[in-house]
Amino acid sequence: MAKEVNPQDTTRAAAFAFWMKAPNPMVTFFKTLDVTNLVKVSKRKGLKFNMLLCWCIGRAAVPVKEFYLLPVGGRLMRYESLAVNTIVKNRRGEVSSCDILYADDLDVFNRDYLQHTAQVAESCTDRDLSDGCMVIGTSAIVETELDGAVGMNSGIFNNPFLIWGRYRKGLLRCTLPVSFQFHHTQMDGAHAGRFLENLQKEINSLR
61 MAKEVNPQDT TRAAAFAFWM KAPNPMVTFF KTLDVTNLVK VSKRKGLKFN MLLCWCIGRA
121 AVPVKEFYLL PVGGRLMRYE SLAVNTIVKN RRGEVSSCDI LYADDLDVFN RDYLQHTAQV
181 AESCTDRDLS DGCMVIGTSA IVETELDGAV GMNSGIFNNP FLIWGRYRKG LLRCTLPVSF
241 QFHHTQMDGA HAGRFLENLQ KEINSLR
């Protein structure tokens, strides 16, 4: 569940005072990930590439405590759990949004991912866990390769968000440029950088 906290009682007090009313409070980082291991595991185990990447994103975020804080409606909220959002193509040919609760156990996360994305695709109804979880947004544009993408900078949608396209096949390696957008009240560049380094490590260590 989410609980409102006094910004002065957190490490984000100065950031809250400075960035909450900024006209452009969002920051976007770009990073090219080496996803060679992710592609190999996906093919070897018959698991969806996107599911594996979403799980690695959740796993990389867990040790970064700033992910559990989020500015919402002018207030600072603390969450006890994380979820990863994925965009699903539904049966009408449009897109729907699906939040998946992060689980340390990959088998559990995979089961939930398959179950809930299938339900959302069939029902054409979004699955929203934002009342109880800090949701990390993602969007995979698999129809093309992307060099980068920037989302909204208005501060209306404050959740951290990652965007990527189709991964690139090289002679020996597979790479994937990703963009990571975050609200400066939630975290600083150092925290975002730590998360992206964690993400690469989680991808490399996947077995």
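Heads up, the sequence shown is in the numbering used here, so the first residue is 61 and it goes up one at a time.
Built from N, CA and C at the ideal position, the CB exists for glycine as well.
Of the residues M61, T96, A74, the one whose Cα lies closest to the Cα of L231 is T96. By the neighbour-count definition (other C-beta atoms within 10 Å, threshold 16), F242 is a buried residue. Listed in chain order, the beta strand (DSSP E) runs fully inside the region 103 to 179 are 129 to 132, 135 to 139, 142 to 149, 155 to 161, counting runs of at least 3 residues. F221 is bridged by DSSP to G197, Q241. Membership of L259 in the alpha helix (DSSP H) is indicated by the continuous run 249 to 265.
Distance check between D186 and each of R171, W79, T146 places T146 closest, using alpha-carbon atoms only.
In the pairwise beta carbon analysis, the region 172 to 183 is classified as not touching the region 195 to 204: fewer than three pairs are separated by under 8 Å. Each residue's CA atom was taken as its position, placing S102 and G134 some 41 Å apart. Of the residues D248, R267, E262, W115, the one whose Cα lies closest to the Cα of T71 is D248. Y139 is the residue among Y139, F221, D69, V238 whose C-alpha sits nearest the C-alpha of M61.
In the same chain as G211, and ignoring 5 residues on each side of it, the C-beta atoms closer than 6 Å to its own belong to F221, Q241, in chain order.
A Cβ-Cβ contact shorter than 9 Å links H244 with M86.
The shortest C-alpha to C-alpha distance from T235 to any of R119, W115, L93, S183 is the one to L93.
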